[in-house]
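Engineer:
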Amino acid sequence: MENLKSKRKVLRTAVSKLFSRIENEIKNTNVNKWSLGESLKLLTVKAEELSKLDLQIEELLDSDSFEAEFEASQDYAERINVWKFRAERKLNEMTGSSESINDNKHVVRLPKLTIPKFNDDSLYWNSFWNSFRVAIHDNASQSQVVKFNYLRSYFPQML
Numbered sequence: 011m012e013n014l015k016s017k018r019k020v021l022r023t024a025v026s027k028l029f030s031r032i033e034n035e036i037k038n039t040n041v042n043k044w045s046l047g048e049s050l051k052l053l054t055v056k057a058e059e060l061s062k063l064d065l066q067i068e069e070l071l072d073s074d075s076f077e078a079e080f081e082a083s084q085d086y087a088e089r090i091n092v093w094k095f096r097a098e099r100k101l102n103e104m105t106g107s108s109e110s111i112n113d114n115k116h117v118v119r120l121p122k123l124t125i126p127k128f129n130d131d132s133l134y135w136n137s138f139w140n141s142f143r144v145a146i147h148d149n150a151s152q153s154q155v156v157k158f159n160y161l162r163s164y165f166p167q168m169l
């Protein structure tokens, strides 16, 4: 039991250092996305190890000391989750802001395309499909549901 508690103490110290590392990365004005992601991954791995150790220790405890140990381990797990959330939120902010900057570079106003409705004539299928595919189907910014609704609107006999 003492060996397990010693391991847990070392692991908690390592996790506390990760808290500080994540906090410093988040406060830094020039955040290193890779370093923050690495710290988050390490925190996740160490949290799993700590959880396993806590379970092993809890199995060996008597009922008198169980409640205090369990409460302490839950408090520490809560702190881990808070720091994981903060790191994930910062990474999401960084990813979202860089994507929106890139999206603005590629916005171009194009003339409105008119795709004729498909009238069940197989001679016109390739022409219809090529127009639809280029204008709507291959558009990555549209969801699958929106694309499907567009497709349905071009088949008036099916509605």
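Position 28 of the sequence shown, counting from 1, maps to 38 under the working numbering, and the rest follow consecutively.
Ideal placement from N, C-alpha and C gives every residue a C-beta, glycine not left out.
Based on Cα-Cα distance, which residue from GLN152, TRP139 and ALA150 lies nearest to PHE165?
Structural biologist: Taking the sequence shown and counting its residues from 1, the one referred to as residue 165 is at position 155. Comparing Cα-Cα distances from PHE165 to each of GLN152, TRP139 and ALA150, the minimum goes to TRP139.
Engineer: When you compare only the Cα positions, how much space is there between ASP64 and ARG89?
Structural biologist: Here the question's residue 64 lines up with position 54 in the sequence shown. Here the question's residue 89 lines up with position 79 in the sequence shown. Computed Cα separation, rounded: 15 Å.
Engineer: Does the beta-carbon of TYR134 have 16 or more other beta-carbons within 10 angstroms, so that it is buried, or is it exposed?
Structural biologist: In the sequence shown, residue 134 corresponds to position 124, counting from 1. It counts as exposed.
Engineer: Counting C-beta neighbours from all protein chains within 10 Å, is the total for VAL144 16 or more, i.e. buried, or is it exposed?
Structural biologist: To locate residue 144, count along the sequence shown from 1; it is residue 134. With fewer than 16 other Cβ atoms within 10 Å, it is exposed.
Engineer: Among the candidates LYS157, LYS27, GLY47 and ASN159, whose CA atom is the shortest distance from the CA of THR105?
Structural biologist: Within the sequence shown, the letter at position 95 stands for residue 105. That would be GLY47, whose Cα lies nearest to the Cα of THR105.
Engineer: Going by CA-CA distance only, name the one from ILE36, MET11 and GLU58 that's closest to SER75.
Structural biologist: The sequence position of residue 75 within the sequence shown is 65, counting from 1. Of ILE36, MET11 and GLU58, the residue nearest in Cα terms is MET11.
Engineer: How many angstroms separate the CA atom of VAL41 from the CA atom of ASP130?
Structural biologist: Locating residue 41 in the sequence shown gives position 31, where the first residue counts as 1. Locating residue 130 in the sequence shown gives position 120, where the first residue counts as 1. C-alpha of VAL41 to C-alpha of ASP130: approximately 57 Å in a straight line.
Engineer: If distances are taken between C-alpha atoms only, which option among GLU58, GLU98 and LEU71 comes closest to ALA87?
Structural biologist: Counting from one through the sequence shown, the residue named residue 87 turns up at place 77. ALA87 has its Cα closest to that of GLU58, out of GLU58, GLU98 and LEU71.
Engineer: What's the gap between the Cα of SER73 and the Cα of GLN84?
Structural biologist: By 1-based counting over the sequence shown, the position of residue 73 is 63. By 1-based counting over the sequence shown, the position of residue 84 is 74. Near 17 Å, if we compare the C-alpha coordinates of GLN84 and SER73.
Engineer: Could you tell me how far apart the beta carbons of SER45 and GLU33 are, in whole angstroms, since I believe they sit closer than 8 Å?
Structural biologist: Numbered from 1 along the sequence shown, position 35 holds the residue referred to as residue 45. Numbered from 1 along the sequence shown, position 23 holds the residue referred to as residue 33. With 8 Å as the limit, SER45 and GLU33 do not qualify as a contact, their Cβ atoms being about 13 Å apart.
Engineer: Take GLU79 as the anchor and find which of ALA150, LYS19 and LEU161 has the nearest alpha-carbon.
Structural biologist: As a working mapping, residue 79 is identified with position 69 in the sequence shown. Checking every option, the nearest Cα to that of GLU79 belongs to LYS19.
Engineer: Going by C-alpha to C-alpha distance, which of LEU161, ALA150, LYS15 and ALA97 sits closest to SER61?
Structural biologist: Stepping through the sequence shown from its first residue, residue 61 is reached at position 51. Checking every option, the nearest Cα to that of SER61 belongs to LYS15.
Engineer: For PHE29, which option in LEU161, GLN66 and LYS56 has the closest C-alpha, if you only look at C-alpha atoms?
Structural biologist: To locate residue 29, count along the sequence shown from 1; it is residue 19. The option with the nearest alpha carbon to PHE29 is LYS56.
Engineer: DSSP three-state label for ALA150, please.
Structural biologist: Here residue 150 refers to the residue found at position 140 of the sequence shown. If DSSP states are grouped into helix, strand and coil, ALA150 belongs with coil.
Engineer: On the DSSP letters alone, give me the boundaries of the alpha helix (DSSP H) that ALA184 sits inside.
Structural biologist: Nothing can be reported for residue 184, as the shown portion of the chain is limited to 11 through 169.
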